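K.L.:
Line order of the protein sequences matches chains A and B. Note that this note's numbering has the first sequence beginning at 20, numbered continuously upward. Note that this note's numbering has the second sequence beginning at 1164, numbered continuously upward. One structure is given below, represented as structure tokens, and several questions about it will come after.
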Amino acid sequence: MTIRFNPDLYSDVVAGLNNNNVQQSTAFQELSTGRRVQQPSDDPSATADVINIHWQSAQTDQYAQNVNNLQGLLQTADSTMSSVISSLNQAISLGVQSGDSTLSPTNRATIATQVQNIGKQILTLANTSFQGTYIFAGTKSGQPAYVANPASPNGVTYQGNSNTNQVEVAPGQTVTMNTPGSQLFTNPSGDVFAALTNLATAAATGNGVPAAVDQLKTAFDTVNAQRTQYGTSLNQLQTAQTFLATNKLGLSTQENSAVGIDLAQAASDVQKALTQRSAILAAGGKIQNVSLLDYLK
Amino acid sequence: MADLMGSMSIALGALKNNQEALDVTTNNIANQNTPGYSRQRVNFSEASPIQYGNLQFGSGAQVDNIQSIRDQVLEFRINAETGRQSSLESFLQPMQQLQAGFNEATGTGLQSSISSFFNSLTQLSTNPANVPMRQNVLTAAQGLTQAFNNASSNLTTMRATQDQQVPTVVQQINTLASSIAQLNSRISQFSAGGGNSGVLEDQRNQLIHQMASLINVTMVDGGHGTISVSTAMGAALVVGQQSFALKTAANAQGLQDIQASDGTSLTAAIDAGQLGGILKVRDQEIPQLQTKLDTMANGIATAVNAAHTAGIDLNGNPGTNLFTVPATVAGSAAGIKVNITDPKLIAASLDGTVGDNANALTLSKLQGQNIVAGQTPVDYYSNTVSQLGSDIQQATIESNTQSAVVQQLQNQRNSISGVSMDEEAANLVRFQRAYQAAAKVVTTIDQMTQTVLNMGVGGA
């Protein structure tokens, strides 16, 4: 007795074609999307990686946006401080000028007024706001940092506090967002408003001008020293920006290696599937073209 | 009895036998593509000889029976493997839909909502008093709760869809069981009368095959040609000529419980066939995912609320809960809501001043902390999705293997029971020739009889 074979070869052909269809559609899908992983079941661990990568990527985007926001804020603060510095320079020149004992009272009065105006100007600068936030008021930033107060020795009252805000600009890296006015303008080791008030008085009378100028110079130095914080923060932002851009690039490379396709491989998969399909069809077409019945005539 | 009429009757018998054989051949050819058909064979045997003196003469051939060629053990095996395959298929189909909701590979899923929420807090830390940024946080929080609610309600809907299929499938099983019992009864009558029940057995095998693709099936020879069928936990579906219907009844959760005819619950034991797949999705995968979503929603809400209530809002008041969640973990994903609508009530400040961002920073940093079952939200979530993906991947691989096994067994079955055109063509010729030869014998005997009749005429 001979071994009997399955007479229905078409079932194998159909199964082969079905498998081939799956291979083809997978290969085409990979090529058209550029992704090896279309759904979690295609590669569960790569999917987990992708979730992490997307997560980090979203975080990186947010950090980058933070950096942009902060750059605006810190640049505003920094350029405000530049104006303050140049105003103070001007006040110091005026002070030196008022040290001339030959000046007429009228000239003195003019200089005193100019110094007072500089004081007002700096008060305005100290009350600079950015997007509704008074940037030199510490964290009590909902109201102007200073109000004029003739009763006070330095002519102003500080309404803010001495707190600073830290903002995260990269994983684990924080940047100081603000320097309070109490450190910049009304610092105990060099009060700008007190120095200007004293200088205006000294200039008007001609008494104690050198001391007043020295006081202003001390205040100037204090402001200059304190404002470097803004420079430091801006530098940090610059570094963070570079880091974030590199990080983003790294993440997209990681994602690509996790779920992207090898183009050559995918193209050759498609070719393989197509060749296989032709082979199955050719073989299928030959099956049982002839049976014994054809010869029984 | 070596006489002319004896030869004639042998020849007539041969004509009849070969005609029957041709019938069977024709029937084989006609059923070449009938699913479940087993090719039939005519079994001939020699008729009892006739003693004449010390000589024995053959008295021709007789048809013993018409036999269906099949391997019953193989049929049983095919049923079992088919049951496994259809269980995998009915498992995979809803699972594919399920994973589409977690398709993070293409960027749709919970992850983006969770990211957006925490990132909106990071953004708020750059300008904590800014109302539009506060509004962003509320919008992102709404988006997050919505995403949890949707994911949860998708699971619930899916579970209901799976559940709705149960009574339909049970109904099909019961119909099949009663048909099998009827066939058992007819087959046992036939076999008692010595008749051929090949066609009925084919039909019965087809029905059992269908049943195996719906539920666990165990088959036992019930005697008198009957096959008894039982399912999970040995619950009888068909015993001899009697069938036992399965019942369904809503359980405490409102889901269909499958019960044997005596009321024993079989639900937990059914793991094969379409029902097995449906139940695995309904009772294992979906509840597992639901629990994970609940754990995540609850973990995030609890941690965020704890930090939020430690802060101070824009009005200078202590923060309230940002999210409302049910007291238990279960139901958290469905029940999570944003508790506040006024952006000023977001407690971004720690020291109470409007410009302080310390609490916003604390809240945003929660995304990197182990706030969901000892893991960070992203780790917990990516593990969940990865687990789902690998369950599906595994089932897909099993399903591919299984369909190869079934295909292989079907081929094996075909090599035993399938109709071969070559074979049938050969038989056609063989029986035709035999018929022609027998007819020739009849003609020859007719001529001889004529000769005998003419003997007297010529001599007179």
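Quick reminder that beta carbons are idealized off the backbone N, C-alpha and C, glycines included. Just so we're clear, the structure is a prediction, and the values are computed from it rather than from any experiment.
Please tell me whether residue 1484 of chain B and residue 1507 of chain B are closer than 8 Å, where the distance is taken between their beta carbons.
P.N.:
Translated into the one-based positions of the second sequence, residue 1484 of chain B becomes position 321. Translated into the one-based positions of the second sequence, residue 1507 of chain B becomes position 344. The answer is no: Cβ separation not under 8 Å.
K.L.:
Along the beta strand (DSSP E) that carries residue 1220 of chain B, what are the first and last residues, could you check?
P.N.:
Counted from its first residue, the second sequence places residue 1220 of chain B at position 57. That run of the beta strand (DSSP E) goes 1218-1220.
K.L.:
Considering only residues of the same chain and omitting the five flanking positions on each side of residue 1323 of chain B, which have a CB-CB separation below 7 Å?
P.N.:
Looking up residue 1323 of chain B in the second sequence gives position 160. Here the set comprises nothing.
K.L.:
Could you tell me how far apart the beta carbons of residue 326 of chain A and residue 216 of chain A are, in whole angstroms, since I believe they sit closer than 8 Å?
P.N.:
The structure shown does not extend to residue 326 of chain A, since chain A is modelled only from 20 to 316, so the question has no answer here.
K.L.:
Alpha carbons only, please: which of B:1482, B:1567 and B:1343 is nearest the one belonging to residue 1407 of chain B?
P.N.:
Against the second sequence, residue 1407 of chain B aligns to sequence position 244. Per the Cα distances, B:1343.
K.L.:
For a cutoff of 8 Å on Cβ pairs, would you count residue 186 of chain A as touching chain B?
P.N.:
Residue mapping note: residue 186 of chain A aligns to position 167 of the first sequence, counting from 1. Yes, residue 186 of chain A lies at the interface with chain B (some Cβ there is under 8 Å from its Cβ).
K.L.:
Look at the alpha carbon of residue 292 of chain A and the alpha carbon of residue 1552 of chain B, and state the distance between them as a whole number of angstroms.
P.N.:
Taking the first sequence and counting its residues from 1, one reaches residue 292 of chain A at position 273. Taking the second sequence and counting its residues from 1, one reaches residue 1552 of chain B at position 389. C-alpha separation (whole angstroms): 26 Å.
K.L.:
Going along chain C in order, which residues have a C-beta closer than 9 Å to the C-beta of residue 1545 of chain B?
P.N.:
Here chain C cannot be found, since the structure's protein chains are A and B.
K.L.:
Nearest to residue 166 of chain A by CA position, among A:178, A:160, A:155 and A:158, is which residue?
P.N.:
One-based indexing of the first sequence puts residue 166 of chain A at position 147. Selection A:178, A:160, A:155 and A:158 evaluated against residue 166 of chain A yields A:178 as nearest (Cα-Cα).
K.L.:
How far does the alpha helix (DSSP H) with residue 291 of chain A in it extend, from its first residue to its last?
P.N.:
Counting from one through the first sequence, the residue named residue 291 of chain A turns up at place 272. Element bounds for residue 291 of chain A: 282-305.
K.L.:
Closer than 9 Å, Cβ to any Cβ of chain B: which residues of the stretch 209-235 of chain A, in chain order?
P.N.:
none
K.L.:
Please go through the same chain and pick out, in chain order, the residues whose beta-carbon is closer than 7 Å to the beta-carbon of residue 1517 of chain B, but skip the five residues on each side of it.
P.N.:
Along the second sequence, read from residue 1 onward, the residue named residue 1517 of chain B stands at position 354. Correct list, in chain order: 1292 and 1477.
K.L.:
Using three-state DSSP, classify residue 1227 of chain B as helix, strand or coil.
P.N.:
As a position in the second sequence, residue 1227 of chain B is number 64, starting the count at 1. Residue 1227 of chain B falls in the strand class under three-state DSSP.
K.L.:
Given residue 1164 of chain B, which residues of its chain have a CB within under 8 Å of its CB, disregarding the five upstream and five downstream residues?
P.N.:
Numbered from 1 along the second sequence, position 1 holds the residue referred to as residue 1164 of chain B. Here the model assigns residue 1164 of chain B a pLDDT of 47, short of 50, so the residue's position is not dependable, and the following value carries that caveat. Correct list, in chain order: 1213, 1215 and 1220.
K.L.:
Quick check: the Cα distance between residue 1378 of chain B and residue 48 of chain A, rounded to an integer number of angstroms?
P.N.:
Here the question's residue 1378 of chain B lines up with position 215 in the second sequence. Here the question's residue 48 of chain A lines up with position 29 in the first sequence. Distance between the alpha carbons of residue 1378 of chain B and residue 48 of chain A: 35 Å.
K.L.:
Could you give the C-beta distance for residue 1440 of chain B and residue 1561 of chain B, rounded to a whole number, given that I count them as a contact under 8 Å?
P.N.:
Along the second sequence, one-based indexing puts residue 1440 of chain B at 277. Along the second sequence, one-based indexing puts residue 1561 of chain B at 398. About 11 Å separates the two Cβ atoms, so there is no contact after all.
K.L.:
Taking the beta strand (DSSP E) that residue 1386 of chain B belongs to, which residues open and close that run?
P.N.:
Within the second sequence, numbered from 1, the residue matching residue 1386 of chain B stands at position 223. Note, residue 1386 of chain B: beta strand (DSSP E), 1381-1386.
K.L.:
For residue 1551 of chain B, decide whether its Cβ has a neighbour in chain A, counting only Cβ atoms nearer than 8 Å.
P.N.:
By 1-based counting over the second sequence, the position of residue 1551 of chain B is 388. Yes, residue 1551 of chain B counts as interfacial toward chain A.
K.L.:
Considering only C-alpha positions, which residue in the set B:1420, B:1504 and B:1333 is nearest to residue 1437 of chain B?
P.N.:
Taking the second sequence and counting its residues from 1, one reaches residue 1437 of chain B at position 274. That would be B:1333, whose Cα lies nearest to the Cα of residue 1437 of chain B.
K.L.:
Using three-state DSSP, classify residue 1429 of chain B as helix, strand or coil.
P.N.:
Translated into positions along the second sequence, residue 1429 of chain B becomes position 266. In this structure, residue 1429 of chain B counts as coil in the three-state DSSP scheme.
K.L.:
Residues of chain B with a CB under 9 Å from the CB of residue 155 of chain A: which are they?
P.N.:
Counted from its first residue, the first sequence places residue 155 of chain A at position 136. Those do not exist, as residue 155 of chain A stays about 11 Å from chain B at its closest Cβ, beyond 9 Å.
K.L.:
How about residue 1238 of chain B: is its Cβ closer than 7 Å to a heavy atom in the ligand ADP?
P.N.:
Because no ligand of any kind appears in the structure shown, any question about the ligand ADP cannot be addressed here.
K.L.:
Could you check whether the Cβ of residue 1199 of chain B sits closer than 8 Å to any Cβ belonging to chain A?
P.N.:
Looking up residue 1199 of chain B in the second sequence gives position 36. Not one chain A Cβ lies under 8 Å of residue 1199 of chain B.
K.L.:
Classify residue 1417 of chain B as buried or exposed, calling it buried when 16 or more other Cβ atoms lie within 10 Å of its own Cβ.
P.N.:
For this step, residue 1417 of chain B is matched to residue 254 along the second sequence. Under this definition residue 1417 of chain B is an exposed residue.
K.L.:
Quick one: using the 10 Å Cβ neighbour count with 16 as the cut-off for buried, is residue 1606 of chain B buried or exposed?
P.N.:
Taking the second sequence and counting its residues from 1, one reaches residue 1606 of chain B at position 443. By the neighbour-count rule (16 or more Cβ atoms within 10 Å), residue 1606 of chain B is not buried but exposed.
K.L.:
Please classify residue 313 of chain A: does DSSP put it in a helix, a strand, or coil?
P.N.:
Indexing the first sequence from 1 puts residue 313 of chain A at position 294. Residue 313 of chain A falls in the helix class under three-state DSSP.
K.L.:
Please classify residue 1581 of chain B as buried or exposed, where buried requires at least 16 neighbouring CB atoms within 10 angstroms.
P.N.:
Here residue 1581 of chain B corresponds to residue number 418 of the second sequence, with the count starting at 1. Buried: at least 16 other Cβ atoms inside 10 Å.
K.L.:
What is the DSSP secondary structure of residue 1526 of chain B, counted as helix, strand or coil?
P.N.:
As a working note, residue 1526 of chain B is residue 363 in the second sequence. The answer is helix: DSSP assigns residue 1526 of chain B an H, G or I state.
K.L.:
With respect to the beta strand (DSSP E) encompassing residue 1360 of chain B, which residues constitute its N-terminal and C-terminal limits?
P.N.:
Your numbering for residue 1360 of chain B matches position 197 in the second sequence. Element bounds for residue 1360 of chain B: n/a, residue is neither H nor E.
K.L.:
Within the 8 Å Cβ cut-off, does residue 292 of chain A reach chain B?
P.N.:
Locating residue 292 of chain A in the first sequence gives position 273, where the first residue counts as 1. So no, residue 292 of chain A is outside the interface.
K.L.:
In chain order, what residues of the stretch 1306-1340 of chain B put their CB closer than 9 Å to some CB of chain A?
P.N.:
none
K.L.:
Can you give me the start and stop residues for the beta strand (DSSP E) that residue 1420 of chain B sits inside?
P.N.:
Here residue 1420 of chain B is taken as the residue at index 257 of the second sequence, counted from 1. Residues 1419-1422.
K.L.:
Counting pairs of beta carbons, one from the stretch 1307-1315 of chain B and one from the stretch 107-123 of chain A, are three or more of them closer than 8 Å?
P.N.:
Touching, no, given that fewer than three Cβ pairs across the two stretches are closer than 8 Å.
K.L.:
CA-CA distance, residue 1610 of chain B and residue 28 of chain A?
P.N.:
Here residue 1610 of chain B refers to the residue found at position 447 when the second sequence is read from its first residue. Here residue 28 of chain A refers to the residue found at position 9 when the first sequence is read from its first residue. In a straight line, the C-alpha of residue 1610 of chain B is about 50 Å away from that of residue 28 of chain A.
K.L.:
Against chain A, which members of the stretch 1591-1612 of chain B pass a CB distance test of less than 8 Å?
P.N.:
1591 and 1592
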